[in-house]
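K.L.:
In the working numbering, the protein residues as written are 4 to 326.
Structure in structure tokens, see below.
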């Protein structure tokens, strides 16, 4: 995370020719989607002008156009308030993604936000273009399994002192305040680690019943102070069907961010080959994270997803991993 170079953010809208053909590479498990009245399945070919019909606002399809990174089609393009637009031309349903094309210097396997803004954006699942993460409605932050870890850099004032973090929320008409475990190493360069498990939501069967979820910090006996709105969500081990989607997506991403992408990045950003390869690795990781976001409706915690991918996809290089 350190020695961060100047960043350039890429808005991943795709310019498409009217005669282009798009290939469906995956459909949300159980979803029924139609193109020009015909059922869509993996391998189906559609055009940018195809009339797409979804049956649910949470459905999606993943699409590949030769020479471009895979992208997603969702009702209303995934924008809030437009979920009722279940029928529209394919191009209007494209989900825009904003991705950094910066080299981060020497990548690390465990990423730690190095300033307060970075920490708040991480906890709220906020994209890098947000003006103020404190004012935005937080995204769900996904953790695979039953345990979550948050890493806080010791240079961040106020939250590196002695004190405790609390997750406060409302559910079933009651208010809950759960104290979270915290590890503070004597080594000043080590981050503070805040840990909690799935049972922080004990007695709650539906995550959507949880309201006003917020992270607080209490220093010694002082009055607790609000850190940020925070919506951690635990998801079960993904199904074999979903893992197959990831397995099939990986070679497509590797092709999109292969040698040609590396050479182009070296030229446009004046990067070394090693730096450009790091950017490519980031983009492949983002592509997989996008699939989780499409499937579960939340932003995967970066460190949690890295560990899960290393465990489940041997040989896949994630940002900060060693070959």
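Built from N, CA and C at the ideal position, the CB exists for glycine as well.
Please classify residue 113: does DSSP put it in a helix, a strand, or coil?
P.N.:
Stepping through the chain shown from its first residue, residue 113 is reached at position 110. Correct three-state label for residue 113: coil.
K.L.:
I'd like to know if the region 251-260 and the region 227-240 are in contact, where contact means that at least 3 CB-CB pairs between them fall below 8 Å.
P.N.:
Result no; under three Cβ-Cβ pairs closer than 8 Å.
K.L.:
Can you say whether residue 42 is buried or exposed, counting buried as having 16 or more other CB atoms within 10 angstroms of its CB?
P.N.:
Numbered from 1 along the chain shown, position 39 holds the residue referred to as residue 42. Residue 42 is exposed by the Cβ-count criterion.
K.L.:
Whole angstroms are fine: how far does the CA of residue 127 sit from the CA of residue 216?
P.N.:
Mapped onto the chain shown, residue 216 falls at position 213. Mapped onto the chain shown, residue 127 falls at position 124. Each residue's Cα considered, the two are about 11 Å apart.
K.L.:
Check this for me: beta carbons of residue 93 and residue 51, under 9 Å apart or not?
P.N.:
Here residue 93 refers to the residue found at position 90 when the chain shown is read from its first residue. Here residue 51 refers to the residue found at position 48 when the chain shown is read from its first residue. Their beta carbons are under 9 Å apart, which means residue 93 touches residue 51 by this criterion.
K.L.:
Would you tell me roughly how many angstroms separate the C-alpha atoms of residue 2 and residue 301, rounded to the nearest one?
P.N.:
As shown, the chain starts at 4 and ends at 326. That puts residue 2 outside it, with no answer to give.
K.L.:
Looking only at its chain, what residues have a beta carbon closer than 6 Å to the beta carbon of residue 116, apart from the 5 residues adjacent to it on each side?
P.N.:
If you number the chain shown from 1, residue 116 lands on position 113. Once the five neighbours on either side are set aside, the close Cβ partners of residue 116 are 122, 125.
K.L.:
Do residue 185 and residue 156 have their C-beta atoms within less than 9 Å of each other?
P.N.:
On the chain shown, residue 185 is found 182 positions in, with the first residue counted as 1. On the chain shown, residue 156 is found 153 positions in, with the first residue counted as 1. No, they are not a contact pair.
K.L.:
Considering only residues of the same chain and omitting the five flanking positions on each side of residue 2, which have a CB-CB separation below 8 Å?
P.N.:
Here the chain comprises residues numbered 4 to 326, so residue 2 is not present and cannot be evaluated.
K.L.:
Would residue 291 pass as a contact of residue 252 if the rule is Cβ separation under 9 Å?
P.N.:
Counting from one through the chain shown, the residue named residue 291 turns up at place 288. Counting from one through the chain shown, the residue named residue 252 turns up at place 249. Result yes, Cβ atoms of residue 291 and residue 252 sit closer than 9 Å.
K.L.:
By Cβ distance, which residues of its chain are closer than 7 Å to residue 299, with the 5 residues on each side in sequence left out?
P.N.:
The sequence position of residue 299 within the chain shown is 296, counting from 1. If we look at residue 299 and ignore the five residues flanking it on each side, its Cβ neighbours are 145, 238.
K.L.:
Going residue by residue through the region 237-272, where are the continuous alpha helix (DSSP H) segments of at least 4 residues, counting only ones entirely within it?
P.N.:
Those alpha helix (DSSP H) runs which fall completely within the region 237-272 and span 4+ residues are 243-259, 262-272.
K.L.:
By Cβ distance below 7 Å, which residues in the same chain neighbour residue 265 in space, the five residues on each side in sequence not counted?
P.N.:
In the chain shown, the residue the question calls residue 265 occupies position 262. The residues are 276, 279, 280, 283.
K.L.:
Suppose contacts are defined by Cβ-Cβ distances below 9 Å. Is residue 147 in contact with residue 307 by that definition?
P.N.:
On the chain shown, position 144 is the one that residue 147 refers to. On the chain shown, position 304 is the one that residue 307 refers to. Taking 9 Å as the Cβ cut-off, residue 147 and residue 307 qualify as a contacting pair.
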